[in-house]
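Asker: The following block contains the structure, expressed as structure tokens.
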Amino acid sequence: MDYLTLEYNGDVAVVGLNRPQKRNAISDAFIEELNDVITEVEARAKAAVIHGHGPHFCAGLDLAEHVKKTPFEGVHGSRRWHEVFARMQHGKLPWFAALHGAVVGGGLELASSVHVRVADRSAFFALPEGQRGIFVGGGASVRSARLMGVSRMTDLMLTGRSIDADTAERWGIANYVVDNGTALDTAIKLARHAATNAEISNYAIIHALPRIAEMGREDGLFVESFIASFTATSPEAEARLNAFLSKKAGSKVTNPNG
Ligand code: 1HE
-12 MDYLTLEYNG DVAVVGLNRP QKRNAISDAF IEELNDVITE VEARAKAAVI
38 HGHGPHFCAG LDLAEHVKKT PFEGVHGSRR WHEVFARMQH GKLPWFAALH
88 GAVVGGGLEL ASSVHVRVAD RSAFFALPEG QRGIFVGGGA SVRSARLMGV
138 SRMTDLMLTG RSIDADTAER WGIANYVVDN GTALDTAIKL ARHAATNAEI
188 SNYAIIHALP RIAEMGREDG LFVESFIASF TATSPEAEAR LNAFLSKKAG
238 SKVTNPNG
């Protein structure tokens, strides 16, 4: 592969953005490789982690390639990002991102497409599209805006300012802030844990929650009942419920207070 690395850690696929000399800027070929990797990972893993090699997670769209595009090529390019990122957000697996350095433009759009984001303290987040004379095209107006809220995203885009990891956590962009250099290990640990969940529960979590969030309250509660019943009546759920009831080791919820 030219732009990505792929390793496995148990049931977890670890996908690395690997174009550090261009700060992992995403070109058309890069996006196609990511699409192929998603197919491969879905066939083999139970959860996945994405991270960046080099000093930054991702500097976003490859501006050198973009500058040469016609308007219609730009539309197709944007729609392709949407398709590929949607395969992560609404695919078979839970995806975790380990973020460090720049998480900028399309890099933030990619990070917004996964389910859990772990940032180390070096991470900074920005949407400099306004400065570049363009607009977000990789799904940020939908996904990132829902994470942080339209008002904060408008501020980021109008001012071009960067925010640090703690602010990103406060704004709902990052789920965890960890020490420098530990985001990947943390993300893998979390993903390994998610990989031990029932696959059908993980599927319901990543597919049902964002859809129910878009529904009216009554519709959401109605759909929830069906998904709850469907997951609970699987043989795997029965085995897991019995494991708890027969007090099998490791089946209790951990108490963070010790
Ligand atoms: C790039 C890109 C890129 C770096 N496309 N080549 N994204 C941006 O507007 C962010 C632009 N990048 C930066 O602000 C900085 O590069 C960073 C803060 C991310 C990193 O700084 P630094 O000092 O570590 O690296 P650098 O020296 O700026 O860049 C190293 C090389 O990467 C350099 O190329 P070189 O041949 O001169 O060595 C840079 O040109 C190259 N590089 N970022 C192409 N983005 C679907 S729509 C999404 C819309 C967007 O993503 S807009 C935001 C685009």
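In the working numbering, the protein residues as written are -12 to 245.
For glycine and all other residues, C-beta sits at the position ideal for the given N, C-alpha and C.
1. Based on Cα-Cα distance, which residue from Pro243, Asp(-11), Ala200 and Val1 lies nearest to Pro81?
2. Given a cut-off of 8 Å on the beta-carbon distance, is the pair Ala152 and Ala113 in contact?
3. In this structure, does DSSP put Asp(-2) in helix, strand or coil?
4. What's the gap between the Cα of Glu156 and the Cα of Tyr163?
5. Whose C-beta lies closer than 6 Å to the C-beta of Ser14 among residues of the same chain, with five residues either side of it excluded?
6. Would you check if the distance between the CB atom of Ile160 and the CB atom of Leu134 is smaller than 8 Å?
7. Report the residue ranges of all beta strand (DSSP E) runs contained in full by the region 45 to 101; include only those spanning at least 3 residues, in chain order.
8. Between which two residues does the beta strand (DSSP E) holding His43 run?
9. From Leu208, Asn5, Ser65 and Arg31, pick the residue whose C-alpha is nearest to that of Ala182; which is it?
10. Starting from Tyr270, trace the beta strand (DSSP E) both ways and give me its first and last residue.
11. Between Asn184, Val54 and Asn(-4), which lies nearest to Leu228 when the distance is taken from Cα to Cα?
12. Which value, in whole angstroms, describes the spacing of the CA atoms of His43 and Ser131?
13. Taking 7 Å as the cut-off, is the beta-carbon of His102 closer than that to any non-hydrogen atom of ligand 1?
14. Grab the span of the beta strand (DSSP E) containing Phe111 for me, first residue to last.
15. Report the start-end ranges of each beta strand (DSSP E) in the region 135 to 177 that is 3 residues or longer and not cut off at the edges.
16. Who are the Cβ neighbours of Val(-1) in its own chain at under 8 Å, not counting the five residues just before and after it?
17. When DSSP labels each residue in this structure, what does Asp15 get in the three-state scheme?
18. To the nearest angstrom, how far is it from the Cα of Gly39 to the Cα of Asn5?
19. Hey, is Ile121 close to ligand 1, as in C-beta under 7 Å from one of its heavy atoms?
20. Could you check where the beta strand (DSSP E) with Asp(-11) kicks off and where it finishes?
21. Compute the distance between the beta-carbons of Gly(-3) and Trp68, then report whether it is under 8 Å.
22. Hey, Gly92 and Pro115: beta-carbon distance below 8 Å or not?
23. Would you mind giving the Cβ-Cβ distance between Val105 and Val165, rounded to the nearest angstrom? I have them listed as a contact below 8 Å.
24. Nearest to Asn167 by alpha carbon, out of Arg74, His194 and Leu86?
Answerer: Inspection of the coordinates gives the following:
1. Taking the first residue of the sequence shown as position 1, residue 81 is located at position 94. Out of Pro243, Asp(-11), Ala200 and Val1, Val1 has the C-alpha closest to the C-alpha of Pro81.
2. In the sequence shown, counting from the first residue as 1, residue 152 sits at position 165. In the sequence shown, counting from the first residue as 1, residue 113 sits at position 126. No, the pair does not count as a contact, with Cβ atoms beyond the cut-off.
3. Position 11 of the sequence shown, counted from the first residue, corresponds to residue -2. Secondary structure of Asp(-2) (DSSP, three-state): coil.
4. As a working mapping, residue 156 is identified with position 169 in the sequence shown. As a working mapping, residue 163 is identified with position 176 in the sequence shown. The alpha-carbon atoms of Glu156 and Tyr163 are separated by roughly 7 Å.
5. Counting from 1 along the sequence shown, the entry for residue 14 is found at position 27. Same-chain partners within the cutoff: Asp49 and Glu52.
6. Taking the sequence shown and counting its residues from 1, one reaches residue 160 at position 173. Taking the sequence shown and counting its residues from 1, one reaches residue 134 at position 147. Yes, the Cβ-Cβ distance between Ile160 and Leu134 is below 8 Å.
7. 82 to 86 and 89 to 91
8. Reading the sequence shown from its first residue, position 56 is the one you call residue 43. From DSSP, His43 is part of no beta strand (DSSP E); its letter is neither H nor E.
9. As a first step, residue 182 must be located in the sequence shown, where it is residue number 195. The shortest C-alpha separation from Ala182 is found at Arg31.
10. Residue 270 lies beyond the stretch modelled for the chain, which goes from -12 to 245, so this question has no answer here.
11. In the sequence shown, residue 228 corresponds to position 241, counting from 1. Among Asn184, Val54 and Asn(-4), the Cα nearest to that of Leu228 belongs to Asn184.
12. Here residue 43 is taken as the residue at index 56 of the sequence shown, counted from 1. Here residue 131 is taken as the residue at index 144 of the sequence shown, counted from 1. In this structure, the straight-line span from the alpha carbon of His43 to that of Ser131 is close to 19 Å.
13. The residue you call residue 102 lines up with position 115 of the sequence shown. It does not: the Cβ of His102 is nowhere closer than 7 Å to a heavy atom of ligand 1.
14. Locating residue 111 in the sequence shown gives position 124, where the first residue counts as 1. Its beta strand (DSSP E) spans residues Phe111 to Ala113.
15. 163 to 165
16. The residue you call residue -1 lines up with position 12 of the sequence shown. Cβ within range, chain order: Ala32, Lys33, Ala34, Ala35, Val36, Ile175, Ala178, Arg179 and Ala182.
17. In the sequence shown, residue 15 corresponds to position 28, counting from 1. In this structure, DSSP gives Asp15 a helical state, which the three-state scheme calls helix.
18. Taking the sequence shown and counting its residues from 1, the one referred to as residue 39 is at position 52. Taking the sequence shown and counting its residues from 1, the one referred to as residue 5 is at position 18. About 7 Å.
19. Stepping through the sequence shown from its first residue, residue 121 is reached at position 134. Checking the Cβ of Ile121 against ligand 1 gives yes.
20. Counting from 1 along the sequence shown, the entry for residue -11 is found at position 2. Secondary structure note for Asp(-11): it is in no beta strand (DSSP E), with a DSSP letter that is neither H nor E.
21. Along the sequence shown, one-based indexing puts residue -3 at 10. Along the sequence shown, one-based indexing puts residue 68 at 81. No, the Cβ-Cβ distance between Gly(-3) and Trp68 is not below 8 Å.
22. For this step, residue 92 is matched to residue 105 along the sequence shown. For this step, residue 115 is matched to residue 128 along the sequence shown. Their beta carbons are under 8 Å apart, which means Gly92 touches Pro115 by this criterion.
23. By 1-based counting over the sequence shown, the position of residue 105 is 118. By 1-based counting over the sequence shown, the position of residue 165 is 178. Going by Cβ atoms, the distance from Val105 to Val165 rounds to 6 Å, so yes, they are a contact pair.
24. On the sequence shown, residue 167 is found 180 positions in, with the first residue counted as 1. The residue with the shortest Cα to Cα distance from Asn167 is Leu86.
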